[in-house]
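Using this note's numbering, the first residue of the sequence shown is number 11, and each one after it goes up by one.
We treat Cβ as the ideally placed atom computed from N, Cα and C, and that holds for glycine.
Keep in mind it's a predicted model, so treat the numbers as computed, not measured.
Step one of this worksheet: look at the structure below.
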Amino acid sequence: MNILFNFIYALFVTFLYLNPLSLDTPYETAEYFASYDRHVDSWENAELFESLGFDLDLNMDRIMHDAPLQTFYTDVTIEDEVFDGYSSMMMEEPIQGDIIHIEWDAPIPDVTDKIVVLPMTDVSFEARDNAYHLDHYGEVINDEAANRYLTKLKEAGAAGYLITPHKEASDEFGFVHVSAWLRLSGTGVGIEAAEALTDGQTVTIEPYESEIPYTEFVQTGTTDEEVIVMARLDSSGDGDHALIGLGGASILYQVIQAMDDVKTDATVRYVFLNGYGEGYEASTHYLGMLEERGMTPRTVMLLDLIGTGDTGRFVKTHGMKSYPFMDAASFDDVEVRSLGVSILDEYRQAGIDVISLNDSLTANQDVFTEDDTIDRLSEEAMLEHVDWLVEWLTTQ
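Right, here's the structure in full:
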């Protein structure tokens, strides 16, 4: 009996994976997306993007892309042996030098072009679960004393640093809460690498790059014109990442179903972005592909801070500029506001007309916090946005 039950349960789970429960509304879609750990380091992130829309019977092309991802992990090569490392700040370029062990606040010897080895501080160890959170006064929590000493090492000509594990956590990577303004690169290492470090050895530290999937649906039009609508489906470490994530992605997921078999002049591309919480990594990769094709779309629209219904629908453009496609009746009652710094900047610099769709003036204060939850989303508002987007896209 148990064998039969387990077999039936396995079939049920498989059915749910390929055919998720009815997602008839944007809010139901948001609940489904929220059930995944969408952080880029999670295997569930890849599973969601790779299965996204797989069960939908759409008359559209479904295309998977892989964007390069710069990670916080590093490769640490000591002589000929390679160890894993983990950095508190991403490394952008490889560094190399001879090893020298030093204690914090000790007089600085000749460290020119050397990799300085330091133990993890008590401050960084005790605050490791709250790294880079804001304190009561809005300041970012980091290890100030360690930053001052590392700055002195930089001024003395050090090439970089390695942080060994704390004595109370030998099974963890060494870690130091450095400031984003520190101009000295380095990484933490595990106990095996720490024990292999000997003064005078040559060590090379290199950033480790990976790839992440993201998903595009293409609705082919009758002309060479293109319109691109994007939404973020990745996540950050806190909350549900609903305000600039779940809201837009859930709306877009319903839009592609409503637009299926609708005839449009322009080819409409629907892109679900992946990355470290703002979709930047996939967005940048996608722009590169546009440039390779020599394509300048009519517009790129980002479903941005949307889905709360806090205010009426409004759009943001650079300099509050109005574009020809905004002459459509759909935009008659839509206020135009100024677009600040966003993932659309690189598109604008490439000569593409960009626009973001929003419905809250204040929710940005809660993005990337524990208040960034699915409860902030409004079913009514999201349904209205779906209808509005379908009405506008139908005229493209």
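Starting from VAL133 and walking both ways along the alpha helix (DSSP H), at which residues does that stretch end? For the purposes of this step, residue 133 is taken as residue 123 along the sequence shown, with counting starting at 1. Counting along the chain, the alpha helix (DSSP H) containing VAL133 begins and ends at 132-136.
Can you name the start and end residues of the alpha helix (DSSP H) that VAL377 belongs to? Here residue 377 refers to the residue found at position 367 when the sequence shown is read from its first residue. Looking at the DSSP string, VAL377 is not in any alpha helix (DSSP H), and its letter there is neither H nor E.
Going straight from the alpha carbon of TRP114 to that of LEU128, what length do you get? The count along the sequence shown starts at 1 and reaches residue 114 at position 104. The count along the sequence shown starts at 1 and reaches residue 128 at position 118. Using only the alpha carbons, I get a separation of about 7 Å.
Sorted by chain position, which residues of the same chain lie with C-beta nearer than 8 Å to MET100's C-beta, five sequence neighbours on each side aside? As a working note, residue 100 is residue 90 in the sequence shown. Cβ within range, chain order: GLN80, THR81, PHE82 and PRO217.
GLU236: which of TYR286, VAL281 and GLU389 sits nearest, CA to CA? Taking the first residue of the sequence shown as 1, we reach residue 236 at position 226. Out of TYR286, VAL281 and GLU389, VAL281 has the C-alpha closest to the C-alpha of GLU236.
On the CB-based measure, 16 or more other CB atoms within 10 Å of its CB, does THR318 come out buried or exposed? In the sequence shown, residue 318 corresponds to position 308, counting from 1. Its Cβ being crowded by 16 or more others within 10 Å, THR318 is buried.
When you compare the CB positions of LEU256 and ASP250, do they come within less than 8 Å of one another, or not? Stepping through the sequence shown from its first residue, residue 256 is reached at position 246. Stepping through the sequence shown from its first residue, residue 250 is reached at position 240. In this structure, the beta-carbon distance from LEU256 to ASP250 falls below 8 Å.
Return the CA-CA distance between ILE261 and ASP381, expressed in angstroms with no decimal places. Position 251 of the sequence shown, counting from 1, holds the residue named residue 261. Position 371 of the sequence shown, counting from 1, holds the residue named residue 381. Rounded to whole angstroms, ILE261 to ASP381 spans 20 Å at the Cα level.
Per DSSP, what are the beta-bridge partners of LEU277 in this structure? Mapped onto the sequence shown, residue 277 falls at position 267. Reading off the sequence shown, one finds Thr at residue 277, where the question assumed Leu. According to DSSP, which records beta bridges pairwise, THR277 is partnered with GLU236.
Taking Cβ positions, are SER366 and LYS326 nearer each other than 8 Å? In the sequence shown, counting from the first residue as 1, residue 366 sits at position 356. In the sequence shown, counting from the first residue as 1, residue 326 sits at position 316. The answer is yes: Cβ separation under 8 Å.
Can you tell me whether TRP402 is buried or exposed, with buried defined as 16 or more other CB within 10 angstroms of its CB? Taking the first residue of the sequence shown as 1, we reach residue 402 at position 392. Flag for TRP402 reads buried.
The alpha helix (DSSP H) spanning VAL265 covers which residue range? Residue numbering aside, residue 265 sits at position 255 when the sequence shown is read from its first letter. Here the alpha helix (DSSP H) through VAL265 covers 257-269.
Starting from LYS162, follow the alpha helix (DSSP H) in both directions and report where the run begins and ends. By 1-based counting over the sequence shown, the position of residue 162 is 152. Run containing LYS162: 154-165, per the alpha helix (DSSP H) assignment.
Could you check how far apart the C-beta atoms of SER348 and MET336 are, in whole angstroms? I think they sit under 8 Å. Working through the sequence shown from its first residue, we reach residue 348 at position 338. Working through the sequence shown from its first residue, we reach residue 336 at position 326. 15 Å between Cβ atoms; not a contact.
Can you tell me where the alpha helix (DSSP H) with ASN55 in it begins and where it stops? What you label residue 55 is simply residue 45 of the sequence shown in a count that begins at 1. For ASN55, the enclosing alpha helix (DSSP H) stretches over residues 53-61.
Option in VAL228, TYR263 and LEU253 with minimal Cα separation from THR277: Within the sequence shown, numbered from 1, the residue matching residue 277 stands at position 267. Nearest option by C-alpha distance: VAL228.
Rank ASP234, TRP398, SER388 and ASN69 by C-alpha distance to the C-alpha of PRO36 and give the top, closest one. Here residue 36 corresponds to residue number 26 of the sequence shown, with the count starting at 1. Taking only the C-alpha atoms, the option nearest PRO36 is SER388.
Spatial neighbours of ARG193 in its chain, beta-carbon cut-off 7 Å, leaving aside the 5 residues before and after: For the purposes of this step, residue 193 is taken as the residue at position 183 of the sequence shown. Taken in chain order, the residues that qualify are LYS164.
Quick one: grab the DSSP three-state call for LEU283. Position 273 of the sequence shown holds residue 283. Of the three classes helix, strand and coil, the one that applies to LEU283 here is strand, per DSSP.
What are the residues that DSSP puts in a beta bridge with ARG72? On the sequence shown, residue 72 is found 62 positions in, with the first residue counted as 1. Per DSSP, PHE227.
Buried or exposed: which applies to ASN284, given that a residue is buried once 16 or more other Cβ atoms fall within 10 Å of its Cβ? Position 274 of the sequence shown, counting from 1, holds the residue named residue 284. By the 10 Å Cβ count, ASN284 comes out buried.
For the region 71-100, which segments carrying the beta strand (DSSP E) assignment without a break, of at least 3 residues, lie completely within its bounds, in sequence order? With a minimum length of 3 residues, the continuous beta strand (DSSP E) runs that stay inside the region 71-100 are 71-88 and 91-96.
So, using beta-carbon positions, are GLU238 and PRO307 closer together than 8 Å? As a working note, residue 238 is residue 228 in the sequence shown. As a working note, residue 307 is residue 297 in the sequence shown. At residue 238 the sequence reads Ile, which differs from the Glu that was named. In this structure, PRO307 lies closer than 8 Å to ILE238 by Cβ.
From which residue to which residue does the alpha helix (DSSP H) around TYR357 run? Residue numbering aside, residue 357 sits at position 347 when the sequence shown is read from its first letter. TYR357 -> alpha helix (DSSP H) spans 355-359.
Using the beta-carbon count (16 or more within 10 Å), is MET392 buried or exposed? Against the sequence shown, residue 392 aligns to sequence position 382. With 16 or more other Cβ atoms within 10 Å, it is buried.
Span of the alpha helix (DSSP H) holding ASP108? As a first step, residue 108 must be located in the sequence shown, where it is residue number 98. First-last for ASP108: 105-111, but that is the beta strand (DSSP E), not the alpha helix (DSSP H).
Is the distance from the Cβ of THR405 to the Cβ of ALA338 below 8 Å? Working through the sequence shown from its first residue, we reach residue 405 at position 395. Working through the sequence shown from its first residue, we reach residue 338 at position 328. A contact, by the Cβ cut-off of 8 Å.
What three-state label does DSSP hand SER340 in the structure shown? Position 330 of the sequence shown holds residue 340. Residue state, collapsed to three classes: helix.
Give me whichever residues DSSP pairs with MET311 in a beta bridge. The residue labelled residue 311 in the question sits at position 301 within the sequence shown. VAL239 and ILE365, per the DSSP bridge assignment.
CA-to-CA distance, LEU315 to ALA373, given in whole angstroms: For the purposes of this step, residue 373 is taken as residue 363 along the sequence shown, with counting starting at 1. For the purposes of this step, residue 315 is taken as residue 305 along the sequence shown, with counting starting at 1. One C-alpha to the other measures close to 8 Å.
Between the beta-carbon of TYR357 and the beta-carbon of LEU297, is there less than 8 Å? Here residue 357 refers to the residue found at position 347 of the sequence shown. Here residue 297 refers to the residue found at position 287 of the sequence shown. Yes, the pair counts as a contact, with Cβ atoms nearer than the cut-off.
Could you tell me the distance, in whole angstroms, from the CA atom of LEU313 to the CA atom of SER180? Position 303 of the sequence shown, counted from the first residue, corresponds to residue 313. Position 170 of the sequence shown, counted from the first residue, corresponds to residue 180. If you draw a straight line from the Cα of LEU313 to the Cα of SER180, it comes to about 45 Å.
Please go through the same chain and pick out, in chain order, the residues whose beta-carbon is closer than 8 Å to the beta-carbon of PRO104, but skip the five residues on each side of it. As a first step, residue 104 is located in the sequence shown; it is residue number 94 there, counting from the start. Around PRO104: THR214, ILE215, GLU216 and PRO217.
Close Cβ partners of LEU207 (< 6 Å) along its chain, the five nearest in sequence each way excluded: For the purposes of this step, residue 207 is taken as residue 197 along the sequence shown, with counting starting at 1. Same-chain partners within the cutoff: ILE109 and VAL127.
Euclidean distance between Cα positions of VAL265 and ARG48: The sequence position of residue 265 within the sequence shown is 255, counting from 1. The sequence position of residue 48 within the sequence shown is 38, counting from 1. Going by the C-alpha atoms only, they are around 21 Å apart.
Give the DSSP-derived three-state secondary structure of SER293 in the structure shown. Start at 1 with the first residue of the sequence shown, and residue 293 comes out as number 283. Reduced to three states, the DSSP call for SER293 is helix.
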